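At position 125 of the sequence shown (counting the first as 1) the number is 116 in my numbering, and the numbers step up by one without a gap.
Every residue, glycine too, gets a C-beta built ideally from N, C-alpha and C.
In this text the structure is predicted, and so the values were computed from the model without any measurement.
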Amino acid sequence: MCGIVGYAGKEQCADILIDALSKLEYRGYDSAGIAVFENGVIKTEKSKGKLADLKDKLAAENSKPEGCVGIGHTRWATHGEPSDVNSHPHGNANVTIVHNGIIENYKEIKDFLLKKGYNFDSETDTETVAKLLDYFYEGNPLETIIKVISEVRGSYALGILFKDFPDKIFAVRKESPLLIGLGKTSNFIASDMTALLKYTRNYYLLEANEIAVISSENVEIFDTHKNPVAKEVNVANWDADAAEKGGYEHFMLKEIHEQPTAIKTTISPRINAGMPYLEESGLNMEDLKKYRKIFIVACGTAMHAGIVGKYIIEKMARVEVTVDIASEFRYRDPILTSEDLVIVISQSGETADTLAALRLSKEAGAKTMAVVNVKGSSIAREADIVIYTHAGPEISVASTKAYTVQLSIMYLLAFELAYAKGRISKERCEQYIADFVKIPDIIEDVIKSSEKSCQFAASKLMNADSLLYIGRGLDYALSMEGSLKLKEISYIHSEAYAAGELKHGTISLVTSEMPVVAVATQSDLFEKTVSNIKEVKARGAKVTLICKESDNVDEDVADYLVKLPVIDDVFMPILASVPLQLIAYYTSVLKGCDVDKPRNLAKSVTVE
Ligand code: F6R
């Protein structure tokens, strides 16, 4: 995800900006740049690649800007590939900006500005904001920023330089993070305090649409009515390592909380005029319609995302989908032809078995598509078509946000394919998309509202030796992920089972010593799952039930309940994944396990 820094002080700032940016590298990025006031002129230098590439460029061209006020940026590409021209800062001689977030209505703004005679160099949404600032500017930066934020939709953290104010940085944010660092003879902006700990530990948190005016001597904050806002000074007392966790105790919890943004960032570039739009990834819907069969191949959590994908693609588009564990697929001599599509899913893009499965599929003549989070990874480089998820760097070994963005791509694919094959009408497809875009905000609420009940459920599960997760249909698909999450970080054995299959053997394991987590979010299967829950309760199991707010649950059905808001059943897995993640997280915390680095596991599995 993009990182922003800014400095207004008494020292030469190019090196300070680059040093501060280096502390944001963990966020992941593919290009970097700085803009500094040099003798009253905004001088911008940027480069595709790492900060080292930017430094090399400045040294080779002897072009390091000289001046004491500037902004810097590391970019994680969303709109437009990583390239020098798409790198930030963006703007012109009058206004130059760095941006983190997504401007949802950038196409409208761009069309408007094109008609006003503006030209655009990059493919980014950011450049439209820079040019809109220039368009509205009449000498008063505060008024200009207020006008611009009333026009743009989406998420943004912006660091802005106006040519007429060479001693100042302006900043504003909504949804994307940004804070103001307070030094003795210098002040800063940064995406998180990691970047600034070397310089100061005092900072202001900028609230949504508060506008900061920052010089070396002073920081003023205004609301959108130009009233000054009094701020409380915060003091960062974490070490640099904790700061990277943005104040969360563990990366896993941070990443659970990042899911609304990750989903938004992943889906918004893939929605056009209210319809799914995956063609920008090189996907040709005419070809896609023709495939005989789809294979989804992946490992672990990514494979579980594929299982949800199978259920929704088959249900909506009526195309046959087979899901395979990559380490099995590669050795089972699968029947592949040039009429098949193989979708591999991988967060890291480097998982050895998934990569081998991809290569095998290509050799067999199948078309390959990769759903990958890490840009430029081996799987991304080798697949015929790449759809990037935009989860940002996932540091915790237990995957959370990478899973929900993989699910998001599965949904978009199912909708687009179902529409292309004439299985759903345009109106129905638009309705699915309209519902889908609301999900990040609903997830935000679910994280808050289910935290306590998940903590409580975890306190009841933590002493078990073994657990069962049960569900039917999409709930079964999701239970597999819930079960994996719990076992990998809490070291409690657990197994996911199709609720209707229990009585064919596994129910003999059920006693009062074996708690059961039941997921029942699908209206058509609710009664049936409740019957299966009663079967395990009759054998003494304590049941944690995840269901919808609207479900009437008799007292004798569940011992612990987590209720979720009611949305279209098809989307319930993405919502219900949150309490499953939180239950696993709190169980691990309560047991004192190493949550982010569970024993024996690595983030990227590059061996067979
Ligand atoms: C579990 C987890 C793993 C990965 C699996 C595949 O929380 O993270 O099961 O999902 O190792 O990794 P990627 O997605 O990098 O191919």
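Inter-residue spacing [alpha-carbon to alpha-carbon] between residue i and residue j
{"i": "residue 291", "j": "residue 475", "result": "8 Å"}
{"i": "residue 310", "j": "residue 70", "result": "31 Å"}
{"i": "residue 445", "j": "residue 177", "result": "44 Å"}
{"i": "residue 602", "j": "residue 552", "result": "Here the chain has residues from -8 to 599 only, and residue 602 is not among them."}
{"i": "residue 354", "j": "residue 124", "result": "51 Å"}
{"i": "residue 179", "j": "residue 583", "result": "37 Å"}
{"i": "residue 383", "j": "residue 405", "result": "24 Å"}
{"i": "residue 152", "j": "residue 272", "result": "34 Å"}
{"i": "residue 591", "j": "residue 331", "result": "36 Å"}
{"i": "residue 574", "j": "residue 485", "result": "13 Å"}
{"i": "residue 233", "j": "residue 9", "result": "Low per-residue confidence applies at residue 233: pLDDT is 48, beneath 50, and the placement is therefore not dependable enough to give any value."}
{"i": "residue 400", "j": "residue 257", "result": "8 Å"}
{"i": "residue 26", "j": "residue 513", "result": "52 Å"}
{"i": "residue 106", "j": "residue 391", "result": "43 Å"}
{"i": "residue 182", "j": "residue 432", "result": "21 Å"}
{"i": "residue 586", "j": "residue 212", "result": "38 Å"}
{"i": "residue 352", "j": "residue 314", "result": "14 Å"}
{"i": "residue 276", "j": "residue 259", "result": "19 Å"}
{"i": "residue 480", "j": "residue 589", "result": "6 Å"}
{"i": "residue 389", "j": "residue 459", "result": "19 Å"}
{"i": "residue 534", "j": "residue 576", "result": "18 Å"}
With 16 other Cβ atoms within 10 Å as the buried cut-off, status of residue i
{"i": "residue 216", "result": "exposed"}
{"i": "residue 322", "result": "exposed"}
{"i": "residue 515", "result": "exposed"}
{"i": "residue 469", "result": "buried"}
{"i": "residue 270", "result": "exposed"}
{"i": "residue 77", "result": "buried"}
{"i": "residue 529", "result": "exposed"}
{"i": "residue 90", "result": "buried"}
{"i": "residue 0", "result": "buried"}
{"i": "residue 356", "result": "exposed"}
{"i": "residue 493", "result": "buried"}
{"i": "residue 567", "result": "buried"}
{"i": "residue 456", "result": "exposed"}
{"i": "residue 381", "result": "buried"}
{"i": "residue 329", "result": "exposed"}
{"i": "residue 578", "result": "buried"}
{"i": "residue 570", "result": "buried"}
{"i": "residue 337", "result": "buried"}
{"i": "residue 333", "result": "buried"}
Contact test: residue i Cβ vs the ligand ATP heavy atom, cutoff 8 Å
{"i": "residue 476", "result": "In the structure shown, the ligand ATP is absent; the only ligands present are the ligand F6R."}
Three-state secondary structure assigned by DSSP to residue i
{"i": "residue 29", "result": "strand"}
{"i": "residue 358", "result": "strand"}
{"i": "residue 331", "result": "strand"}
{"i": "residue 266", "result": "strand"}
{"i": "residue 550", "result": "coil"}
{"i": "residue 261", "result": "helix"}
{"i": "residue 316", "result": "strand"}
{"i": "residue 509", "result": "strand"}
{"i": "residue 489", "result": "strand"}
{"i": "residue 219", "result": "strand"}
{"i": "residue 498", "result": "helix"}
{"i": "residue 389", "result": "coil"}
{"i": "residue 68", "result": "coil"}
{"i": "residue 342", "result": "coil"}
{"i": "residue 539", "result": "strand"}
{"i": "residue 337", "result": "strand"}
{"i": "residue 347", "result": "helix"}
{"i": "residue 289", "result": "strand"}
{"i": "residue 94", "result": "strand"}
{"i": "residue 382", "result": "coil"}
{"i": "residue 81", "result": "strand"}
Contact belief for residue i with residue j at Cβ below 8 Å, rounded distance in angstroms
{"i": "residue 118", "j": "residue 81", "result": "4 Å"}
{"i": "residue 308", "j": "residue 412", "result": "5 Å"}
{"i": "residue 121", "j": "residue 88", "result": "5 Å"}
{"i": "residue 22", "j": "residue 40", "result": "6 Å"}
{"i": "residue 247", "j": "residue 430", "result": "Not confirmed; about 15 Å, so no contact."}
{"i": "residue 161", "j": "residue 202", "result": "7 Å"}
{"i": "residue 92", "j": "residue 147", "result": "4 Å"}
{"i": "residue 499", "j": "residue 531", "result": "Residue 499 to residue 531, Cβ: 13 Å. No contact."}
{"i": "residue 24", "j": "residue 38", "result": "7 Å"}
Cβ of residue i within 9 Å of any chain C Cβ
{"i": "residue 211", "result": "Reference to chain C is not applicable here, since this structure consists of a single protein chain."}
Margin query: For a minimum of 4 consecutive residues, which ranges assigned as the alpha helix (DSSP H) are wholly contained in the stretch 413 to 472?
Written below: DSSP runs (the alpha helix (DSSP H)) wholly in the stretch 413 to 472: 417 to 427 and 430 to 452.
Note to self: To test your reading of the DSSP string, which unbroken beta strand (DSSP E) runs of 3 or more residues are found completely within the stretch -6 to 61?
What the structure shows: -6 to -1, 22 to 29 and 32 to 39
Item checked: Within the stretch 109 to 159, ranges of the alpha helix (DSSP H) (whole runs, at least 4 residues) -> 117 to 127 and 132 to 142
Margin query: Report the start-end ranges of each beta strand (DSSP E) in the stretch 166 to 214 that is 3 residues or longer and not cut off at the edges.
Written below: 170 to 173, 178 to 181, 193 to 196, 202 to 205 and 210 to 213
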